[in-house]
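For reference, the structure discussed in these notes is given below.
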Amino acid sequence: MEFFETYKSEFLASIILLAILLIIRFIAKTLIRKIGHKAGINDARIHLISRYATATLVLIWLLIETIILGAKFEDLALVFSSVFAIIGIALFAIWSILSNITSGIIMFFNFPYKVGDKILIHDKDFPIEAIIEDIAAFQLHLRLDNGDLVTYPNNLILQKPVTLLKKDAIALPLDDGTDAI
1 MEFFETYKSE FLASIILLAI LLIIRFIAKT LIRKIGHKAG INDARIHLIS
51 RYATATLVLI WLLIETIILG AKFEDLALVF SSVFAIIGIA LFAIWSILSN
101 ITSGIIMFFN FPYKVGDKIL IHDKDFPIEA IIEDIAAFQL HLRLDNGDLV
151 TYPNNLILQK PVTLLKKDAI ALPLDDGTDA I
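Numbering (full-length UniProt numbering), first residue to last: 1 to 181.
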């Protein structure tokens with residue numbers, strides 16, 4: 001009981017912080033869901049971006065909570081500089097994965113093409129004309145006219161010029177087993 005009396009103000013501050021961050025999380029998830037539905041984005045991508053927002057809020061909560069519990073700025077600076085140095089080296093090794101994740105987040109909020117659209121990617125070596133089947137965290141799933149599935153990295157789709165050929169082009173099966181648009 002003496003422990004709770006000693007740290008009563010820290011407990012109260014922690015509870016208030018947790019309540020504030022839960023409210024912010026609720027608002028963020030609601031806004032992400034509204035933006036996603038307004039833009040016609042599928043629920044899986046909306047859920048993915050919501051998880052990214054929740055993870056960011058958890059990291060913010062950990063930082064503020066350590067300050068509430070009495071950690072000094074100098075101690076935090078030492079810990080964070082060490083952690084960021086290790087993370088920086090690790091992230092340099094996997095920069096292309098991070099590039100695709102970042103591109104996926106950018107595409108969630110600002111991408112003019114949706115699942116079902118037929119697009120042409122103007123690549124000098126390998127132009128692709130296909131229907132967007134799915135927009136995942138790391139890549140687009142594109143269905144070619146011959147039925148082949150192509151996965152195209154998110155970071156490349158933001159670097160190449162793309163032409164919208166047909167809005168909401170849906171592949172319909174024909175009698176001979178092939179698809180028609």
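Heads up, the beta-carbon is just placed ideally off N, CA and C, and yes, glycines get one too. Keep in mind the model is a prediction, meaning the values are calculated, not measured.
Quick one, are the C-beta atoms of residue i and residue j less than 8 angstroms apart?
i	j	result
G116	I132	yes
T151	Q139	yes
D148	E129	no
L57	T66	no
Y52	I87	no
Leaving out five residues on either side along the sequence, give the residues of the same chain with a beta carbon under 8 angstroms from the beta carbon of residue i.
i	result
P112	L164
S50	A28, K29, I32 and R33
Quick one: is residue i buried, meaning 16 or more other Cβ sit within 10 Å of its Cβ, or exposed?
i	result
A85	exposed
F92	exposed
M1	exposed
A137	buried
S103	buried
D175	At D175 the pLDDT is 46, less than 50, meaning the model places this residue with poor confidence and gives no usable figure here.
L142	buried
Output needed for residue i: all residues of its chain with C-beta closer than 7 angstroms, excluding positions within five of it in sequence on either side, in chain order.
i	result
K8	none
K167	D117
If I'm right that residue i touches residue j with Cβ under 8 angstroms, what's the distance once you round it to whole angstroms?
i	j	result
residue 194	I60	It is not possible to answer for residue 194, since the shown part of the chain is limited to 1 through 181.
K114	G40	5 angstroms
Is the region 120-131 in contact with the region 149-163, if contact means three or more CB pairs nearer than 8 angstroms?
yes
With contact counted as at least three CB pairs below 8 angstroms, one residue from each stretch, are the region 12-27 and the region 97-107 in contact?
no
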